[in-house]
Amino acid sequence: MQLEAGKISGSELIFIVVAFIFGSSILLLPGLDAENMGWLAIICGLILGIGFASIYTTLAMRFPGKNFVEISEAVFGKLIGKFIAVAFLGYLFHLGSLVVTDYHNFIKLILLVETPSSVIVLFALLIISYGVWHGIEVLGRVAQGMVILTVGLTLLSFVLLTNKMDFNNFLPLFDLPLKQFLWASYGTGTFPFGEVVAFLMIFAALDRPKQIRALVFKGMIYGWMFLFFASIRTIAILGPTMEIFVYPVFQTSKLISIADVFTRLEIITGIVFLMMGFLKIGILLYGAAIGTAQLFQLNSYRTLVLPLGLLMGLVALINFPNVIENIKHANDIYPIYATVFILVIPSITLVVAIIRRLPKNERGN
Amino acid sequence: MLLIVLILLFAAGIEVPKMLYERHWRDLFVFTLITITGIVLGILIQMQVRIPYVGVIITRLVEKYFINIFR
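Protein chains in written order, with our numbering: chain A, 3 to 367; chain B, 123 to 193.
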């Protein structure tokens, strides 16, 4: 059953993937566990992420025009397939709420300190739900504009901060226990690159299904490039002190000063963060809504967008008692928790599909 | 928090009659389930009832059963 009539082009998919990678990862810069080797952890994370994405794209190309809910039902049968789909949709929904928590904390701590949490969450999710209600085509078009603006502003802030960079902060190289470095690399592989698993709900809307792999890889590499620049900039400017800041990338933007006239330009970075967050939460909400509609064989996913979005916002408010727990979860727990959904479930689905030669069987039927 | 609950009720006021008229029972059931969950959660948070933190539950579960496998 086709719930989404809209289609996205290849370039729109690339822009959405870039926004998704950039999303909350620009807020809580991944690879910080690797200290001054964070840039290398991000490179290793990309390699790992490309490996994960190969699984998703292979799955999507074996079942063109189908999202993960349909794929799992086709592979595992109605009962087990639905059970796996529920777990996967639960992950998308919870990941969405985690991203909302990240942004809520950021807005509450930095931008709108006096504003009640419920107002921040409500208005953010009303706007996101409005975008998602209009479908994937609209998200794709919004992503194009937002990513171009984000790239421009990120490069501008990079250039404006070059005089503050000290490349001695990268030294000593390779002075980190291997275990700690591997953990940081794996963490970067899962967040943000492994989260591309959410696109298993979106690939069905692509107008050129044969090019999924190339398009996703391109999007991931472009997204990685900006994350890499952000990491280089942060390490070069903050050095070892970056560990004491909750939002190190934002902290570096605070240092922009052009002849003491143009200062306090961090608001530009704040706007960039919010735009990327809008898209990431939007994609996750879209995936959760269309998946739920598919699961229960509803007539439309649009009726679910607002209640599911507001529920996501409410869950975001009861995710963590404070920012410290949130960061502990992001650094130490999330890579393990996410492994089930970004590696185990898609891998098992692909292996079972290959063993059962399912696309061939389906064509035969 | 009550604002969120009011918006959910408002959405229900718009969507439910449409679904009833079109006899989309399945849609109505899922919509009602999600909306009621949202309303109840919103009211509980508003009343400052101590609800277990979702992220913390996951953190404790992972720490208890899985962290040794990975680290």
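All C-beta atoms, glycine included, are put in the ideal place defined by N, C-alpha and C. None of these values were measured; they are calculated from a predicted model.
Residue i at chain B interface by Cβ criterion, 9 Å
i                : result
GLU327 (chain A) : yes
ASN367 (chain A) : Because the pLDDT of ASN367 (chain A) is 44, which lies under 50, any placement of that residue in the model is unreliable, and the number read from its coordinates should be weighed accordingly. Taking Cβ atoms only, chain B never reaches closer than 9 Å to ASN367 (chain A), which makes this a no.
THR243 (chain A) : no
SER99 (chain A)  : yes
VAL103 (chain A) : Inspection of the sequence shows that residue 103 (chain A) is occupied by Thr rather than by Val. Yes, its Cβ sits closer than 9 Å to a Cβ of chain B.
ALA295 (chain A) : yes
HIS96 (chain A)  : yes
ILE347 (chain A) : no
THR190 (chain A) : no
THR117 (chain A) : no
THR305 (chain A) : yes
Paired residues, beta bridge with residue i - DSSP
i                : result
PHE264 (chain A) : A:ILE260
LEU111 (chain A) : Its beta-bridge partners do not exist; DSSP assigns none.
LEU208 (chain A) : A:ILE10
Chain-ordered neighbours of residue i on chain A, where CB pairs are closer than 9 Å
i                : result
ILE129 (chain B) : LEU124, LEU128, LEU308, LEU312
VAL178 (chain B) : ASN321, PHE322, PRO323, GLU327, HIS331
GLY135 (chain B) : What GLY135 (chain B) touches in chain A: nothing, since even the nearest Cβ is about 12 Å away.
ILE189 (chain B) : ASP334, ILE335, ILE338
Any chain A beta carbon closer than 9 Å to residue i
i                : result
LEU142 (chain B) : no
PRO106 (chain B) : Residue 106 (chain B) lies beyond the residue range present for chain B, which begins at 123 and ends at 193; the question has no answer from this structure.
MET169 (chain B) : no
Contacts that residue i makes with chain B (C-beta to C-beta distance below 7 Å)
i                : result
PHE298 (chain A) : ARG148, VAL152
LYS301 (chain A) : Note that residue 301 (chain A) corresponds to Asn in the displayed sequence, not to Lys. Under the 7 Å cutoff, chain B gives HIS146, ASP149.
Within chain B, the residues that residue i reaches when beta carbons sit closer than 8 Å
i                : result
GLY315 (chain A) : ILE126
ASN165 (chain A) : The premise fails here: ASN165 (chain A) is roughly 40 Å from chain B at the closest Cβ pair, so nothing lies under 8 Å.
Cross-chain neighbours of residue i in chain A, by beta carbon under 7 Å
i                : result
VAL184 (chain B) : ILE335, ILE338, TYR339
Rounded Cβ spacing between residue i and residue j (contact assumed at less than 8 Å)
i                : j                : result
PRO250 (chain A) : PHE65 (chain A)  : Contact doesn't hold; Cβ gap of about 41 Å is too wide.
PHE228 (chain A) : VAL153 (chain A) : 7 Å
ASN293 (chain A) : ALA87 (chain A)  : The sequence shown places Gly at residue 293 (chain A), not Asn. GLY293 (chain A) to ALA87 (chain A), Cβ: 7 Å. Contact.
ILE82 (chain A)  : VAL184 (chain B) : Going by Cβ atoms, the distance from ILE82 (chain A) to VAL184 (chain B) rounds to 24 Å, so no, they are not a contact pair.
MET201 (chain B) : PHE132 (chain B) : The structure shown has nothing for residue 201 (chain B), since chain B only spans 123 to 193.
VAL354 (chain A) : VAL77 (chain A)  : 5 Å
Partners in chain B for residue i, counting only beta-carbon separations shorter than 9 Å
i                : result
SER120 (chain A) : MET123, LEU124, LEU125, ILE126, GLY164, ILE167, GLN168
THR369 (chain A) : The structure shown does not extend to residue 369 (chain A), since chain A spans only 3 to 367, so no value can be given for it.
THR254 (chain A) : In chain order: nothing, as chain B lies at least about 27 Å away.
Please specify which runs of the alpha helix (DSSP H), each continuous and at least 4 residues long, are wholly inside the segment 43-82 of chain A, giving them in chain order.
70-78
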